[in-house]
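This report refers to the structure that appears directly beneath it.
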Amino acid sequence: MIFIADPITFITTWLNSVLTGWGIPAIWVQFIMFILGAGLLALGAMIFTIGLIWLERKLGGRVQDRLGPNRVGPWGIFQTIADMLKIFTKELITPVGADKFLYNLAPLLAMAAVLGLWAVIPLSPTVFGTNINVGVLYLIGIGSIGELGIIMAGLSSNNKYALLGGFRAVASLLSYEVPMAITLLIPVMLAGSMGLNDIASAQKVAFIFQAPVAALVFFIAAIAENGRAPFDLMEADSEIVAGFNIEYSGLKFGMYYVADFLHAFTSAMIFATLFLGGWNGPGAEQYPALGFLYLLIKTALVYLLTVTIRFTVPRLRIDQMMAFAWKYLTPLALASLLVTAVVDKAAPAGQGLLRVALLIGANIVLFLIADRLVTLYRKQHEKARKVVSDDRPVPVAIRSTVVEEPEVNS
Amino acid sequence: MLQEWLYLAIFLAISLFIPAAAIGAAALLSPKKPSTLKNSIYECGIETVGPARIQFKAQYYLYAILFLIFDVETVFLFPFAVAYNQLLFFAVIEVILFVFVLAGGLAYAWRRGALEWS
Amino acid sequence: MTTMQLIFLITAAVTIFAGVMMVSVRKLLHAALWLILVFFGVAVIFGLLEASFLVIIQIVLYIGAIAILIVFAIMLTQNAIDDTYQTSRRWLVTAVVAVIALAGILLALFTWPQGQALTSTLAGGQQDIAAIGLALLDPEGYLIPFEIASILLLAALIGGIYVGIEHKGEEK
Amino acid sequence: MIPLYWFLVLSAILFCIGLYAVITRRNTIAILMGIELMLNAANINLIAFWRYLYAGSNLDGVIFALIVFAAAAAEVAVGLGLILSAYRSKETIVANDLDTLKG
Chain R
1 MIFIADPITF ITTWLNSVLT GWGIPAIWVQ FIMFILGAGL LALGAMIFTI
51 GLIWLERKLG GRVQDRLGPN RVGPWGIFQT IADMLKIFTK ELITPVGADK
101 FLYNLAPLLA MAAVLGLWAV IPLSPTVFGT NINVGVLYLI GIGSIGELGI
151 IMAGLSSNNK YALLGGFRAV ASLLSYEVPM AITLLIPVML AGSMGLNDIA
201 SAQKVAFIFQ APVAALVFFI AAIAENGRAP FDLMEADSEI VAGFNIEYSG
251 LKFGMYYVAD FLHAFTSAMI FATLFLGGWN GPGAEQYPAL GFLYLLIKTA
301 LVYLLTVTIR FTVPRLRIDQ MMAFAWKYLT PLALASLLVT AVVDKAAPAG
351 QGLLRVALLI GANIVLFLIA DRLVTLYRKQ HEKARKVVSD DRPVPVAIRS
401 TVVEEPEVNS
Chain V
411 MLQEWLYLAI FLAISLFIPA AAIGAAALLS PKKPSTLKNS IYECGIETVG
461 PARIQFKAQY YLYAILFLIF DVETVFLFPF AVAYNQLLFF AVIEVILFVF
511 VLAGGLAYAW RRGALEWS
Chain Z
529 MTTMQLIFLI TAAVTIFAGV MMVSVRKLLH AALWLILVFF GVAVIFGLLE
579 ASFLVIIQIV LYIGAIAILI VFAIMLTQNA IDDTYQTSRR WLVTAVVAVI
629 ALAGILLALF TWPQGQALTS TLAGGQQDIA AIGLALLDPE GYLIPFEIAS
679 ILLLAALIGG IYVGIEHKGE EK
Chain E
701 MIPLYWFLVL SAILFCIGLY AVITRRNTIA ILMGIELMLN AANINLIAFW
751 RYLYAGSNLD GVIFALIVFA AAAAEVAVGL GLILSAYRSK ETIVANDLDT
801 LKG
């Protein structure tokens, strides 16, 4: 095996032979390899986050026409490291009346719920934690452990705002988990397996071209699951001060912070794996390292999109957010599931391109119908709103008279 | 099969252990100077009024019910999705029936106003 | 003793301990959290039985949905009952009844002739989920339970919302 | 390998713990939690018997357990809804106090 083509497998095989050469029984060799692989992957993901936080802050600054971090090192690249050193040496405060065990367990669960996702994501054709046959459901299950962490944080902090924020966060996470789980069915259906590596390798044509509506719904639901703008109700600073993590300080708060950034990137990676073909690309089968590069490029594109959305779109109200999940995304996800199932079954077998064209057509029709229905619904409700607001004084912008500047000859 | 689960268990244990170790290290490094004021509950600067146990709206519960039922539905559909390529068109009709029955539930919740955040 | 047996024993001990804590702890909220640990232990037991689909369902449904629903309900009704008022005074009698029931079950179990002889080697493969899907949608298989489950869920949804929603105008 | 009766003993113990919770607890939510425990114990039994006796031939046990999951979800949804409704009208969720049939 050539080192350049597939470095990780090369190292694994080498290490395996070395350990077996030492006379360690095969089961223990595998156990050691598991621990090494899992530890390195999890540690790598966490260290990766340091760069990620800098990147996001810098990008956010640029999107909002600011400079972003620019003091520590060139382009402020060491800003996060300075922040990290600071947060490491901050005092860890436990509020009075807090439930100590749960209070300390909650940030660990929040972090584990994000790191745990990395166990099933295929990084390249040969490098993945495990291609378990319930991989997609595992993603949902890990998400529910994160919800558990949020509930624990809210309950144990002995603080009204934490409790309120925690319950709000969990209610919105639950609501957006429904359309997300339904859209997860579609890649599973098209690939015929729940293993994420199977799904990635089944995408000779990326699934976003076969189920664009589902991809859109999943993308929106994933942003909401991350608790990012415009769905950052759970951290709404001006309403519930900071949500469930308000009583945390020092590195315990840092864990929530890191988990937040890492979750955004991980979601982008999952989206890239499920809908953009993951490591698929020309030559990825022969040179698995190339596959990793493809995955990174696709992930970076999705991530860039989420960051741009985060820094441009204002926050929704909580009723709008819930209505959007239940009245729009869930029916749309169900319809998309049924349309995909019917069209894919009805399409003539063996004709790849025609099938894809039919699926795209059906999805476009579906989206147009949904759009039309939303317009109708909104019109109906605008009428109702007008009746209510008739008696209120409506602020009218007074048009100031524009003083025309005298033309200057140039 | 157990190998995969063993790997997942190890991975989850490690991903719990790494933050725990980091927080432990921070606890050693950081100063410890607790004071009554510092450890008190934060409430926008004023003193805390009343216990932290507050009454919640039933709205949260309605969303949780809807979530639970749709979660069960999705779980029932996952085996269908995996077996999709081996199924005939008749099976798709069965699934449409299944989904429509539950979509009826969603429509009921909508009409009753259970989806409105009041 | 093999590794599998060791894993089983540890999981069983933790699960039973969590169950005992669940029934004996005073605060209802803590009881709910112990219940979550029981659910987790049962998930591991399913894993030992090579039913990977059920492991993940146990986590997604029980921990992710049912436990959260229970916590919500506890928070919604927390003013109704104070923590000291949890168990009835007949707990000792009930404990005796429960132990007698357990002894009865165990006696029946150990006198069952083939019971102790049944062991099974592990197949080693992953559970075939497509087979579950095929069986569920097979008209000669489990199609009727599958469709009835949807009606059951619909009934639960409508019932839950009907009783859970605050009826306007009926407020006292 | 693990003998079948280990699973059965575990399931029996869990079932009896659940039974104890159902009988002694006065809070209706706690009673519901006990019922969940009993359902879980039953599921262990179903899967264990399926695994040891029928795993090669059919899927009865798994489908049975799936339906139990659905039934448990339905039971929790309606049961907790009823408890909340009772709490709203009576301000109590103690089982002994909820003894009138009129709302």
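Chains as they are written, first to last, in the working numbering: chain R, 1 to 410; chain V, 411 to 528; chain Z, 529 to 700; chain E, 701 to 803.
Ideal Cβ placement from N, Cα and C applies to all residues, glycine included.
Just so we're clear, the structure is a prediction, and the values are computed from it rather than from any experiment.
Next on the checklist: Would you say I679 (chain Z) lies against chain V (beta-carbon separation less than 8 Å)?
Outcome noted: Counting from one through the third sequence, the residue named residue 679 (chain Z) turns up at place 151. With its beta carbon less than 8 Å from one in chain V, I679 (chain Z) belongs to the interface.
Item to check | Minimum length 3: unbroken beta strand (DSSP E) runs contained in the region 289 to 346 of chain R | outcome: If only uninterrupted beta strand (DSSP E) runs of at least 3 residues are considered, none is enclosed by the region 289 to 346 of chain R.
Next on the checklist: Tell me which residues share the same chain as A546 (chain Z) and place their Cβ nearer than 7 Å to its Cβ, disregarding the 5 neighbours each side in the sequence.
Outcome noted: Translated into positions along the third sequence, residue 546 (chain Z) becomes position 18. Only W562, L565, V566 and G569 meet the Cβ criterion.
Checklist entry - Looking at P441 (chain V) and M255 (chain R), is the spacing between their C-beta atoms short of 8 Å? => result Residue numbering aside, residue 255 (chain R) sits at position 255 when the first sequence is read from its first letter. Residue numbering aside, residue 441 (chain V) sits at position 31 when the second sequence is read from its first letter. M255 (chain R) places its beta carbon 8 Å or farther from that of P441 (chain V).
Next on the checklist: By the 7 Å beta-carbon criterion, what residues does the region 774 to 787 of chain E contribute toward chain Z?
Outcome noted: Identification of residues in the region 774 to 787 of chain E having a C-beta nearer than 7 Å to some C-beta of chain Z yields A774, V776, A777, V778, L780, G781, L782, I783, L784, S785 and Y787, given in sequence order.
Next on the checklist: Using only CA atoms, which one of Z:A595, Z:A571 and Z:I587 lies nearest to M733 (chain E)?
Outcome noted: Numbered from its first residue, the fourth sequence carries residue 733 (chain E) at position 33. Of Z:A595, Z:A571 and Z:I587, the residue nearest in Cα terms is Z:A595.
Item to check | Beta-carbon neighbours of I660 (chain Z), restricted to chain V and to distances below 7 Å | outcome: What you label residue 660 (chain Z) is simply residue 132 of the third sequence in a count that begins at 1. Correct list: P489.
Next on the checklist: Would you say M322 (chain R) lies against chain Z (beta-carbon separation less than 8 Å)?
Outcome noted: Indexing the first sequence from 1 puts residue 322 (chain R) at position 322. Among the residues facing chain Z, M322 (chain R) is not included, as its CB has no counterpart in that chain under 8 Å away.
Checklist entry - Using a C-beta to C-beta distance shorter than 8 Å, which residues of chain V count as neighbours of I369 (chain R)? => result The residue you call residue 369 (chain R) lines up with position 369 of the first sequence. For I369 (chain R), none of the residues of chain V pass the 8 Å Cβ criterion, the least Cβ distance being about 15 Å.
Next on the checklist: DSSP has F128 (chain R) in a bridge; who is on the other side?
Outcome noted: Here residue 128 (chain R) is taken as the residue at index 128 of the first sequence, counted from 1. The bridge partners DSSP lists for F128 (chain R) are R:P122.
Checklist entry - Helix, strand or coil for K700 (chain Z) per DSSP? => result Position 172 of the third sequence, counting from 1, holds the residue named residue 700 (chain Z). Residue placement at K700 (chain Z) cannot be trusted, given a pLDDT of 40 that sits under 50; the coordinates are not used to answer.
Next on the checklist: Comparing C-alpha positions only, which one of R:T308, R:L359, R:I121 and R:R315 sits nearest to G61 (chain R)?
Outcome noted: What you label residue 61 (chain R) is simply residue 61 of the first sequence in a count that begins at 1. Nearest option by C-alpha distance: R:T308.
Item to check | Closest by C-alpha distance to G761 (chain E), when choosing among E:I717, E:A742 and E:T792 | outcome: By 1-based counting over the fourth sequence, the position of residue 761 (chain E) is 61. Relative to G761 (chain E), the option among E:I717, E:A742 and E:T792 whose CA is nearest is E:A742.
Item to check | Any chain E beta carbon closer than 8 Å to M550 (chain Z) | outcome: Sequence index remark: in the third sequence, residue 550 (chain Z) carries index 22 (1-based). Chain E has a Cβ within less than 8 Å of the Cβ of M550 (chain Z).
Item to check | Euclidean distance between Cα positions of A215 (chain R) and E791 (chain E) | outcome: In the first sequence, residue 215 (chain R) corresponds to position 215, counting from 1. In the fourth sequence, residue 791 (chain E) corresponds to position 91, counting from 1. So the alpha carbons of these two residues sit roughly 46 Å apart.
Checklist entry - When DSSP labels each residue in this structure, what does P7 (chain R) get in the three-state scheme? => result The sequence position of residue 7 (chain R) within the first sequence is 7, counting from 1. Of the three classes helix, strand and coil, the one that applies to P7 (chain R) here is helix, per DSSP.
Next on the checklist: Based on DSSP bridge pairs, tell me the residues matched to V188 (chain R).
Outcome noted: One-based indexing of the first sequence puts residue 188 (chain R) at position 188. BP columns for V188 (chain R) are empty, so no partner.
Checklist entry - Just to confirm, are L359 (chain R) and A211 (chain R) a CB contact at a threshold of 8 Å? => result Here the question's residue 359 (chain R) lines up with position 359 in the first sequence. Here the question's residue 211 (chain R) lines up with position 211 in the first sequence. Taking 8 Å as the Cβ cut-off, L359 (chain R) and A211 (chain R) qualify as a contacting pair.
Next on the checklist: What would DSSP say about P703 (chain E), mapped onto helix, strand or coil?
Outcome noted: As a working mapping, residue 703 (chain E) is identified with position 3 in the fourth sequence. P703 (chain E) falls in the strand class under three-state DSSP.
Checklist entry - With P348 (chain R) and A5 (chain R) assumed to form a contact (beta carbons below 8 Å), what rounded beta-carbon distance in angstroms separates them? => result Along the first sequence, one-based indexing puts residue 348 (chain R) at 348. Along the first sequence, one-based indexing puts residue 5 (chain R) at 5. Between A5 (chain R) and P348 (chain R) the Cβ distance is about 38 Å, and since that is not below 8 Å, they are no contact.
Next on the checklist: Between the region 300 to 318 of chain R and the region 136 to 143 of chain R, can you find at least three pairs of beta-carbon atoms closer than 8 Å?
Outcome noted: Counting C-beta pairs closer than 8 Å gives fewer than three between the region 136 to 143 of chain R and the region 300 to 318 of chain R, which falls short of the contact rule.
Checklist entry - Taking the Cβ atom as the reference point for each residue, do I182 (chain R) and L334 (chain R) lie within a distance shorter than 8 Å? => result Counting from 1 along the first sequence, the entry for residue 182 (chain R) is found at position 182. Counting from 1 along the first sequence, the entry for residue 334 (chain R) is found at position 334. Judged by beta-carbon spacing, L334 (chain R) lies within the 8 Å limit of I182 (chain R), meaning their Cβ atoms are closer than that value.
Checklist entry - Does the beta-carbon of S445 (chain V) have 16 or more other beta-carbons within 10 angstroms, so that it is buried, or is it exposed? => result Indexing the second sequence from 1 puts residue 445 (chain V) at position 35. Exposed: under 16 other Cβ atoms inside 10 Å.
Item to check | First and last residue of the uninterrupted alpha helix (DSSP H) at V502 (chain V) | outcome: Numbered from 1 along the second sequence, position 92 holds the residue referred to as residue 502 (chain V). F499 to R522 is the span of the alpha helix (DSSP H), which, as asked, contains V502 (chain V).
Checklist entry - What's the gap between the Cα of A191 (chain R) and the Cα of A325 (chain R)? => result As a working mapping, residue 191 (chain R) is identified with position 191 in the first sequence. As a working mapping, residue 325 (chain R) is identified with position 325 in the first sequence. Here the alpha carbon of A191 (chain R) sits roughly 26 Å from the alpha carbon of A325 (chain R).
Next on the checklist: Under DSSP, the alpha helix (DSSP H) around E675 (chain Z) begins and ends at which residues?
Outcome noted: Taking the third sequence and counting its residues from 1, the one referred to as residue 675 (chain Z) is at position 147. First-last of the alpha helix (DSSP H) with E675 (chain Z): L671 to G692.
Checklist entry - Would you call M111 (chain R) buried or exposed, if buried means 16 or more other Cβ atoms sit within 10 Å of its Cβ? => result By one-based count along the first sequence, residue 111 (chain R) stands at place 111. Burial call: buried.
Item to check | Backbone secondary structure at V794 (chain E) - three-state DSSP | outcome: For the purposes of this step, residue 794 (chain E) is identified with residue 94 of the fourth sequence, where counting begins at 1. Looking at V794 (chain E) - three-state DSSP - the assignment turns out to be strand.
Next on the checklist: Tell me whether the region 706 to 716 of chain E and the region 677 to 690 of chain Z touch, counting them as touching only if at least three CB pairs, one residue from each stretch, are closer than 8 Å.
Outcome noted: With the cut-off at 8 Å, the region 706 to 716 of chain E and the region 677 to 690 of chain Z do not touch.
Checklist entry - Any idea what DSSP makes of F207 (chain R), helix, strand or coil? => result Translated into positions along the first sequence, residue 207 (chain R) becomes position 207. In the three-state DSSP reduction, F207 (chain R) falls in the helix class (H, G or I).
Item to check | Assigned exposure category for A593 (chain Z) - 16 Cβ within 10 Å defines buried | outcome: Numbered from its first residue, the third sequence carries residue 593 (chain Z) at position 65. Buried, since its Cβ has 16 or more Cβ neighbours within 10 Å.
Item to check | Same chain, Cβ closer than 7 Å to M550 (chain Z), neighbours up to 5 away in sequence not counted | outcome: In the third sequence, the residue the question calls residue 550 (chain Z) occupies position 22. The residues are A559, W562, L563 and V566.
Checklist entry - Are at least three pairs of beta-carbons, each pair with one atom in the region 92 to 109 of chain R and one in the region 424 to 438 of chain V, less than 8 Å apart? => result Contact between the region 92 to 109 of chain R and the region 424 to 438 of chain V is present, because at least three Cβ pairs lie under 8 Å.
Item to check | Proximal chain Z residues relative to E147 (chain R), where beta-carbon distance stays under 8 Å | outcome: Residue numbering aside, residue 147 (chain R) sits at position 147 when the first sequence is read from its first letter. Within chain Z, the residues near E147 (chain R) are G592 and I596.
Next on the checklist: Just to check my reading of the structure: N131 (chain R) and D198 (chain R) have Cβ atoms closer than 8 Å, yes? What is that Cβ distance to the nearest angstrom?
Outcome noted: The residue you call residue 131 (chain R) lines up with position 131 of the first sequence. The residue you call residue 198 (chain R) lines up with position 198 of the first sequence. The pair is a contact, with the Cβ atoms about 7 Å apart (cut-off 8 Å).
Item to check | S336 (chain R) at chain V interface by Cβ criterion, 8 Å | outcome: By 1-based counting over the first sequence, the position of residue 336 (chain R) is 336. No, its Cβ sits nowhere closer than 8 Å to a Cβ of chain V.
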